[in-house]
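Letter by letter, the sequence shown follows residues 1251 to 1391 of the numbering used here. Built from N, CA and C at the ideal position, the CB exists for glycine as well. Treat the numbers as computed from the prediction; the structure is a model and nothing was measured. Report on the structure given below.
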Amino acid sequence: MRARILDQVLQLRTRAGIHAYMGSDAAQVADPMGRLVFTVAYAVGLHGLGDTPEARILLGTANALADVAATPAALEQQRAAITSGLAAIERLLPQLAESSLATGALELEYLLRRGDLGTARVEQALRPGVVMSVDMEGCAA
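Written as structure tokens, this is what we have:
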């Protein structure tokens, strides 16, 4: 299961990267990138890396994505912040355990089912030692 989730994270990273650099549809940029930002942010928090420059970039990227989701015309204005977030993710990934990314992916699914994902959740996830609400039963498909 861990390998499957990690594979999904890597596919998400590829899809988010393509849309972040070349996409013109705000929703197709914001959705995969937002999912990736949260998943990585959660793992970053688990590893106690929430006070690093890369973590602060992730939070800035989450804010940029929220702006794009609310105002699709803001995509071009926010593209640099989004691609900076992608670069920060690339720097962070080698420091993160697969199990932490898997836990972040499970938490993401839980929050999406509850309709409770936003910038505040990314900020919360980045805090070291914060355990949110992973619920295996709630994530079962």
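Anticipated Cβ contact below 8 Å, residue i with residue j, distance rounded
i, j, result
"residue 1304", "residue 1277", "The pair is not a contact, with the Cβ atoms about 26 Å apart (cut-off 8 Å)."
"residue 1266", "residue 1282", "4 Å"
"residue 1300", "residue 1377", "5 Å"
8 Å CB neighbourhood of residue i in its chain, flanking five on each side removed
i, result
"residue 1477", "In the structure as shown, the chain starts at 1251 and stops at 1391, and residue 1477 therefore has no counterpart that could be examined."
"residue 1268", "none"
Whether residue i touches residue j by CB criterion (8 Å)
i, j, result
"residue 1325", "residue 1279", "yes"
"residue 1332", "residue 1270", "yes"
"residue 1297", "residue 1328", "no"
"residue 1314", "residue 1368", "no"
Cβ-based burial, residue i [other Cβ within 10 Å; buried from 16]
i, result
"residue 1357", "buried"
"residue 1321", "exposed"
"residue 1391", "Note on residue 1391: pLDDT 37, under 50, position unreliable in the model; the coordinate value appears next. So residue 1391 ends up on the exposed side."
"residue 1323", "exposed"
"residue 1365", "exposed"
"residue 1347", "exposed"
"residue 1355", "buried"
Cutoff 7 Å; reference residue i; Cβ partners in own chain excluding five residues on either side
i, result
"residue 1262", "1282, 1285 and 1286"
"residue 1361", "1367 and 1371"
Own chain, CB closer than 6 Å to residue i, minus 5 neighbours either side, in chain order
i, result
"residue 1334", "1307"
"residue 1336", "1267 and 1270"
"residue 1319", "1280"
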